[in-house]
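Participant: So for the sequence shown, my numbering puts the first residue at 23; every next one is plus one.
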Amino acid sequence: MRMLLAAAVAAALLAPAAAFADYYVYCANNRIEVDGRDPNQMRIARGSGVCQMGPKFGFLSSAQDFARNNFGGAGRPCSCR
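Printed below as a string of structure tokens:
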């Protein structure tokens, strides 16, 4: 019974972290990238050659689908002009 209770508490604590994840599609250094960093963090990490290519997504798969459907997918060439 204690193990079941401990598992339920652990699941409850871990679930909100996954629910609040945000993902973005960027053009970073002339390549499409899907990343969990917000635009400010991405600019700090990658410099001025970064632009956001779409809205914020709640799921990684949604951001990857958007990148694939609109830009050919992660790793494809892009430009921030």
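Ideal placement from N, C-alpha and C gives every residue a C-beta, glycine not left out.
Considering only the alpha carbon of each residue, which of Phe88, Ala67, Ile66, Arg98 lies closest to Asn46?
Facilitator: As a working mapping, residue 46 is identified with position 24 in the sequence shown. Checking the sequence, you will find Tyr at residue 46 rather than Asn. When each option's Cα is compared against that of Tyr46, the closest is Phe88.
Participant: Please classify Phe81 as buried or exposed, where buried requires at least 16 other C-beta atoms within 10 Å of its C-beta.
Facilitator: As a position in the sequence shown, residue 81 is number 59, starting the count at 1. The residue in question, Phe81, is exposed, as its Cβ has fewer than 16 Cβ neighbours within 10 Å.
Participant: What does the alpha-carbon distance come out to for the pair Arg90 and Ala43?
Facilitator: Position 68 of the sequence shown, counted from the first residue, corresponds to residue 90. Position 21 of the sequence shown, counted from the first residue, corresponds to residue 43. Using only the alpha carbons, I get a separation of about 20 Å.
Participant: Nearest to Ser70 by alpha carbon, out of Ser83, Asn51, Asp57, Arg59?
Facilitator: Here residue 70 corresponds to residue number 48 of the sequence shown, with the count starting at 1. Of the listed residues, the one whose Cα sits closest to Ser70 is Asn51.
Participant: Mark Ile54 as exposed unless 16 or more other C-beta atoms lie within 10 angstroms of its C-beta, in which case mark it buried.
Facilitator: One-based indexing of the sequence shown puts residue 54 at position 32. Result: buried.
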